[in-house]
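Protein chains in written order, with my numbering: chain Z, 6 to 256; chain U, 6 to 256.
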């Protein structure tokens, strides 16, 4: 071991004389590659190893955003996440992914993990962070979140002055969803997707439908923007509802 | 007038034959210039005219973030905001600023407005947007908000899965502050500044001090991070408190 070299934790035995690599959890922003940060652009274009989550049946959204910047020589680690609401299979996938990443780190290579939007805003990066950050250096590079991207394309400020902004996952059960929205001046409902009809019923009951804007795939060429009352019955995974009761910008 | 040219609204008479310029409201991110987006970098480095808010007694924070990218040839429009809690002087400053911007637009020049963090996340850009967007084309370019930047440097996810995330301005009166924080699993308190001692008392009463992290000037060289219980008595304007009751990452 060289002076100044440190080995912590209980990971696989590092190669002697090689300082372990570092993890970069990099937010790639909401979809438009130009909304990557300068730092994300630099880290990705110089990466030796790149990891990203992939839902079983689809291509990786984070990888598609960064695709043009990834060097052809980079080794790629796709982390395949099974489509199930059970926790265990997904946990096993993150266990496996973090072992693959750790093997690269132990050989002295840095690993750039691509994250949709921002790594710590409802992102899956936290599952890798919790598995790796006690043993390796992890830098989180924040990105533009879908939250502010949706407000930008809607042309509607999220919140201002003394307003409280509440961010509610649309996956909550109806009663809880209503309780967490009711009485709040500015609300963003994320993870809309297949829950849209249910969410609309809740907002109808609260009298909020006409103060709500709907955005699909913000900042992508396929982006769609409309008042919630005109929204389609079926929403894609990347969709959001924004409500501000003190303004009616969508009317 | 040329075919295809449109003049709308009631602004100053445009120069004949000149298509009006466009406004870009550009988020410059939380402080580290590398956290500007690629698009922000490109728009600022190619700008003919740049506008930004300046608090009376300080330099412009947004300008300091973008400073190295601003071309020396760019014309600059500082919008001087008086330091007062009265609304009228600030309104007058935004009236004046938007008239200066409109004069450039009418001459056919685009104007890049620099915004701290993200333009529509509790930003002052909305005051220019409301004055200009009915008469001119305005594109809002989202940026990395201080919210996700603070979570990144704290090494602590803001929220995940079905958690509700509540963003509360620390400027609210004590009782209201307590009511909007109490019972919520994940809370970010923004606009802390001189309200820190008051906010700490409220969090003490709610038993939340030990679940709270404190960040000053996230992503700047002068950044400071600590558990809230160790925070100084006086906080700068750019400070934030993050609370997640389901995790205790700062202990």
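The beta carbon of each residue, even a glycine, is placed where N, CA and C say it ideally should be. Values in this document were obtained by computation on a predicted structure and should not be read as measured data.
Asked                                                                                                                                                                        : Found
Using a Cβ distance threshold of 8 Å, determine whether the region 133-153 of chain Z contacts the region 141-158 of chain U, with at least three qualifying pairs required. : yes
So, with DSSP's three-state summary, where would you put residue 13 (chain Z)?                                                                                               : Any reading at residue 13 (chain Z) is ruled out, since the residue's pLDDT is 45, under 50, leaving its predicted position unreliable.
Residue 123 (chain U): buried (16+ other C-beta within 10 angstroms of its C-beta) or exposed?                                                                               : buried
When the Cα atoms are used, what is the spatial distance from residue 76 (chain Z) to residue 247 (chain U)?                                                                 : 36 Å
Would you say residue 245 (chain U) reaches chain Z, if we count a Cβ-Cβ gap shorter than 8 Å as a contact?                                                                  : no
Of the residues Z:244, Z:41, Z:60, which one's Cα is nearest the Cα of residue 204 (chain Z)?                                                                                : Z:244
Got a sec: is the Cβ-Cβ distance from residue 232 (chain U) to anything in chain Z below 8 Å?                                                                                : no
Assuming the contact rule is C-beta atoms closer than 8 Å, residue 58 (chain U) and residue 65 (chain U) should be a hit. Round their C-beta distance to whole Å, please.    : 6 Å
Which full runs of the alpha helix (DSSP H) of 4+ residues lie inside the region 172-245 of chain Z, going along the chain?                                                  : 179-186, 201-211
So residue 26 (chain Z) and residue 110 (chain Z) are supposed to be a Cβ contact under 8 Å. How far apart are they, rounded?                                                : 4 Å
Tell me where the alpha helix (DSSP H) around residue 97 (chain Z) begins and ends.                                                                                          : 92-111
Would you mind stating whether residue 240 (chain U) and residue 198 (chain U) have Cβ atoms separated by less than 8 Å?                                                     : yes
Apart from the five residues just before and just after residue 128 (chain Z), which ones in its own chain have a Cβ nearer than 7 Å to its Cβ?                              : 120, 121, 122
Residue 189 (chain U) to residue 74 (chain Z), Cα distance in whole Å?                                                                                                       : 40 Å
Between the Cα of residue 136 (chain U) and those of U:145, U:113, U:126, U:100, spot the shortest distance and give me the residue it belongs to.                           : U:100
To the nearest angstrom, report how far apart residue 249 (chain Z) and residue 133 (chain U) are at their CA atoms.                                                         : 19 Å
Less than 6 Å between C-beta atoms, sequence neighbours within five positions excluded: which residues of the same chain meet that for residue 71 (chain Z)?                 : 33, 49, 119
According to DSSP, residue 80 (chain U) sits in a beta bridge with which residue or residues?                                                                                : U:54
Can you say whether residue 178 (chain U) is buried or exposed, counting buried as having 16 or more other CB atoms within 10 angstroms of its CB?                           : exposed
Could you tell me the distance, in whole angstroms, from the CA atom of residue 225 (chain Z) to the CA atom of residue 29 (chain Z)?                                        : 25 Å
Among U:145, U:251, U:235, whose alpha-carbon lies nearest the alpha-carbon of residue 170 (chain U)?                                                                        : U:251
Determine the direct distance from the alpha carbon of residue 46 (chain U) to that of residue 115 (chain Z), and round the result to whole angstroms.                       : 26 Å
Have a look at the DSSP bridge pairing and note the partners of residue 29 (chain Z).                                                                                        : Z:117, Z:144
I need the straight-line Cα distance from residue 173 (chain Z) to residue 31 (chain Z), nearest angstrom please.                                                            : 24 Å
Within 8 Å of any Cβ in chain U, is that where the Cβ of residue 100 (chain Z) sits?                                                                                         : no
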